[in-house]
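A short worksheet on the structure shown next.
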Amino acid sequence: MKKLSDTSTERVPASAPAGAHPGQRPTRIAVEPAGEGARFALLDQGHYLAPRPVAGGSGSGARQLRVALIGIHMMLLGGDDVRIEVAVGPGVTLEVVEPAGMVAYDAEGKQSRWTLEAVLDEGAVLIWEGAPFVAAAGSNVLRETRVKLGTGARVLIRETLVLGRSGEEAGPLRSITRLTGPDTDYLYEDLDLRGPRRRAVGVLGSAKVLSSATAAGWRPPSLRPTGGARPGDGGARRLEFAAEGAAIRALAGTAHEAARETDPVYRSWKDGLLGEPDPILQA
1 MKKLSDTSTE
11 RVPASAPAGA
21 HPGQRPTRIA
31 VEPAGEGARF
41 ALLDQGHYLA
51 PRPVAGGSGS
61 GARQLRVALI
71 GIHMMLLGGD
81 DVRIEVAVGP
91 GVTLEVVEPA
101 GMVAYDAEGK
111 QSRWTLEAVL
121 DEGAVLIWEG
131 APFVAAAGSN
141 VLRETRVKLG
151 TGARVLIRET
161 LVLGRSGEEA
171 GPLRSITRLT
181 GPDTDYLYED
191 LDLRGPRRRA
201 VGVLGSAKVL
211 SSATAAGWRP
221 PSLRPTGGAR
231 PGDGGARRLE
241 FAAEGAAIRA
251 LAGTAHEAAR
261 ETDPVYRSWK
271 DGLLGEPDPI
281 LQA
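Sequential numbering from 1 applies to the sequence shown in UniProt numbering.
Right under this line is the structure:
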């Protein structure tokens, strides 16, 4: 299994944010095959998040584990540097759940960071079930998601970005996603939501929430066997990657509205990865 330190790569300014507190150690999770099942090789509590195994993981003949990330310190404040490092061994499926949303609070413009770095070995699967991420007025956030996939590995990420709490504007938010395969990038996106550019046509316009499900390493099936939209598609749009992968995205005024458009698709893709029947296709 690759080491967590092997997470490649080019990054955007890797230094900690100005004013970062000492001892902001990362949360580390590593899973590996064990006989016919899988086991946690590492569950290392970080400064902000504690990984906790969740029932319903690996059973007989199933190399599947689940873990929840539990907040143990208030975050995100100015100078906070939340880092999560994940390693998934060959043939293992790891599902990571964020039980609660996260708010980047008013920090008078001082930057904070949230970073996920994951390495997936051959045939590994990572399902990241993210909760809403809220950039409050006065916050300043750099959010990075970097996943390196081995041969035959697959990843599915659910993400919801919320610009400001109710009745307020958001602080600057930059969200970088890079999903890299053995031979090429599946996705390299730099979403810059700082200043007036976030309201530009083709970015967010008047929307306050961007909800998405992103798949790489395989091309998820069409929403219906015929390729048309299924219930729940609504204002969501599917984007095809040049390499194997796709994303479904929706813009809306509230997280609830956006999730209503993307969650049925996310659940369908997730069920496919877990080998469960799609209830919508079965209907």
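From the three backbone atoms N, C-alpha and C, an ideal C-beta is built for every residue, glycine too. This one's a predicted model, so the numbers in the text were calculated from it and none came from an experiment.
Task: Residues of its chain near S212, where Cβ-Cβ distance is below 7 Å and the 5 sequence neighbours each way are ignored - done: Same-chain partners within the cutoff: E159, A247, I248, R249, T262.
- [ ] With a cut-off of 8 Å on the beta carbons, I'd call G130 and E98 a contact; round off their distance for me.
- [x] With 8 Å as the limit, G130 and E98 qualify as a contact, their Cβ atoms being about 5 Å apart.
TODO: Quickly, what does DSSP pair E168 with across the bridge? List them, please.
DONE: Its beta-bridge partners do not exist; DSSP assigns none.
Task: DSSP state of Y186 mapped onto helix, strand, coil - done: In the displayed model, Y186 falls within a strand according to three-state DSSP.
Task: One or two residues paired with V67 in a DSSP bridge - done: Beta-bridge pairing links V67 to P53, V96.
Open item on the list: Using only the alpha-carbon positions, how far apart do V209 and P132 sit?
Closed with: Cα to Cα, the separation comes out at about 9 Å.
- [ ] Please work out which residues of its chain come closer than 6 Å, Cβ to Cβ, to A170, disregarding the five sequence neighbours upstream and downstream, and give them in chain order.
- [x] Excluding positions up to five away in sequence, the list reads A135, L163, G164.
- [ ] With DSSP as the reference, please indicate the residues paired to S139 in a beta bridge.
- [x] Under DSSP, S139 forms no beta bridge with any residue.
TODO: Report the option in R52, L149, G35 whose CA atom is closest to the CA atom of L43.
DONE: Minimum Cα distance to L43 is reached at R52.
- [ ] Return the CA-CA distance between T226 and S166, expressed in angstroms with no decimal places.
- [x] Confidence in T226 is poor, its pLDDT being 37 and thus under 50, which makes the residue's placement unreliable; the coordinate value appears in the next sentence. C-alpha of T226 to C-alpha of S166: approximately 40 Å in a straight line.
- [ ] With S206 as the anchor, note down where its alpha helix (DSSP H) starts and where it stops.
- [x] No alpha helix (DSSP H) holds S206; DSSP gives it neither H nor E.
- [ ] Would you check if the distance between the CB atom of E32 and the CB atom of V92 is smaller than 8 Å?
- [x] Yes, the Cβ-Cβ distance between E32 and V92 is below 8 Å.
Task: 8 Å Cβ cutoff met for L173 and L193 - done: Contact flag set, yes.
Open item on the list: Rounding to the nearest angstrom, what Cα-Cα distance links K270 and I127 in this structure?
Closed with: Taken atom to atom, the span from the alpha-carbon of K270 to that of I127 is near 7 Å.
Open item on the list: Excluding the 5 residues flanking G123 on each side, which residues of the same chain have their C-beta closer than 8 Å to its C-beta?
Closed with: Contacts found: P90, G91, G150, T151, G152, A153.
Task: Buried or exposed (CB count within 10 angstroms, at least 16 for buried), G275 - done: An exposed status is given to G275, since fewer than 16 other beta-carbon atoms sit within 10 Å of its beta-carbon.
Task: Limits of the alpha helix (DSSP H) - the one that G272 falls within - done: Unbroken alpha helix (DSSP H) run through G272: 255-274.
TODO: Kindly indicate which three-state DSSP category M33 falls into: helix, strand or coil?
DONE: The sequence given here places Pro at residue 33; Met does not occur at that position. It is a strand residue.
Open item on the list: Taking its Cβ as the centre, do 16 or more other Cβ atoms sit within 10 Å of G46, making it buried, or is it exposed?
Closed with: That one is buried.
Task: Under the three-state DSSP convention, the category I72 falls into - done: Residue state, collapsed to three classes: coil.
Open item on the list: Given this structure, state the Cα-to-Cα distance separating M74 from Q24, to the nearest angstrom.
Closed with: Cα to Cα, the separation comes out at about 13 Å.
Open item on the list: Taking the beta carbon of E240 as the centre, do at least 16 other beta carbons fall within 10 Å, making it buried, or is it exposed?
Closed with: With fewer than 16 Cβ atoms within 10 Å of its Cβ, E240 is classed as exposed.
- [ ] Tell me whether D121 sits in a helix, a strand or coil according to DSSP, three-state version.
- [x] Note: D121 maps to coil in three-state DSSP.
Open item on the list: I'd like the list of long-range same chain contacts for G101, defined as Cβ closer than 6 Å, with 5 residues on each side in sequence excluded.
Closed with: Excluding residues within five positions, the ones whose Cβ falls inside 6 Å are A131, P132.
Task: S222, DSSP secondary structure in three states - done: If DSSP states are grouped into helix, strand and coil, S222 belongs with coil.
TODO: Note down the Cα distance separating R260 from D190, rounded to an integer number of angstroms.
DONE: Separation of R260 and D190 (C-alpha to C-alpha, rounded to the nearest whole angstrom) is 25 Å.
Task: 8 Å contact criterion, which A107 and S139 should meet: CB distance rounded - done: Correct: roughly 6 Å between the Cβ atoms.
Task: Buried/exposed call for A55, threshold 16 Cβ in 10 Å - done: Flag for A55 reads exposed.
- [ ] Kindly indicate which three-state DSSP category K110 falls into: helix, strand or coil?
- [x] The answer is coil: DSSP assigns K110 none of H, G, I, E or B.
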